[in-house]
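Contents: one structure, followed by commentary.
Numbering (our numbering), first residue to last: 37 to 120.
This is the structure in structure tokens:
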């Protein structure tokens with residue numbers, strides 16, 4: 037429902053990634069809400085002991101690809117509208 041309100045189109049789970057859009061959003065929310073030891077002890081932050089940075093980069097890539105796809109679709113529909 038949120039995708040439809042924000043983007044004007046309903047996107048299925050399979051369109052965003054092989055894992056599904058809902059699972060990627062849930063993982064992003066869990067990573068954002070999880071307590072990170074590097075936040076409390078800054079000297080161990082570069083070590084990424086809990087693996088949060090690696091997982092966040094994967095989720096970021098999936099979100100970035102999905103949003104890039106939406107921008108490309110918007111530009112294509114705009115270009116088709118101008119040529120008509």
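Just so you know, even glycine gets a beta-carbon here, dropped at the ideal spot from N, CA and C.
Cβ pair residue i, residue j closer than 8 Å
i	j	result
residue 86	residue 73	yes
residue 88	residue 67	yes
residue 95	residue 63	yes
residue 40	residue 46	yes
residue 90	residue 84	yes
Residue i - DSSP class collapsed to helix/strand/coil
i	result
residue 82	helix
residue 46	coil
residue 56	coil
residue 70	coil
residue 64	helix
residue 117	helix
residue 106	helix
Residue i: CB within 7 Å of a non-hydrogen atom of the ligand ZN
i	result
residue 70	Among the components of this structure there are no ligands whatsoever, and the ligand ZN is therefore not found.
Nearest to residue i (by Cα), restricted to the options the options
i	options	result
residue 57	103, 117, 118, 108	103
residue 44	77, 107, 78	107
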